[in-house]
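Letter by letter, the sequence shown follows residues 1 to 67 of full-length UniProt numbering.
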Amino acid sequence: MSNISQEHVLIRRDLSKETPKHPFFNRIDTWERESINKIQAAAETARADLRHLLDRTKNDLNLSVEK
Numbered sequence: 001m002s003n004i005s006q007e008h009v010l011i012r013r014d015l016s017k018e019t020p021k022h023p024f025f026n027r028i029d030t031w032e033r034e035s036i037n038k039i040q041a042a043a044e045t046a047r048a049d050l051r052h053l054l055d056r057t058k059n060d061l062n063l064s065v066e067k
């Protein structure tokens, strides 16, 4: 019975240890950063496109009102 208790203690100790970071976590972190950067770039492009469209529409309306 002592052997079982000792094994139990050893198993619990091993399970409570912090496991080293798996390399896949680094790959996921990299993928996350790259994805965020791409999304931010796409959002900035969309904002610029919208500003351009709104400015052009405003200018077109101003020109049609002045006629």
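Quick reminder that beta carbons are idealized off the backbone N, C-alpha and C, glycines included.
Inter-residue Cα distance where the pair is residue 6 and residue 19: In the sequence shown, counting from the first residue as 1, residue 6 sits at position 6. In the sequence shown, counting from the first residue as 1, residue 19 sits at position 19. Spanning the two alpha carbons is a distance of roughly 22 Å.
What does the alpha-carbon distance come out to for the pair residue 64 and residue 58? Mapped onto the sequence shown, residue 64 falls at position 64. Mapped onto the sequence shown, residue 58 falls at position 58. Rounded to whole angstroms, residue 64 to residue 58 spans 10 Å at the Cα level.
Span of the alpha helix (DSSP H) around residue 30: Locating residue 30 in the sequence shown gives position 30, counting from the first residue. Unbroken alpha helix (DSSP H) run through residue 30: 23-66.
Does DSSP classify residue 7 as helix, strand or coil? By one-based count along the sequence shown, residue 7 stands at place 7. In the structure shown, residue 7 sits in a helix (DSSP, three-state: H, G or I).
How many Å lie between residue 55 and residue 36 at the Cα? To locate residue 55, count along the sequence shown from 1; it is residue 55. To locate residue 36, count along the sequence shown from 1; it is residue 36. Taking the straight line joining both Cα atoms gives about 28 Å.
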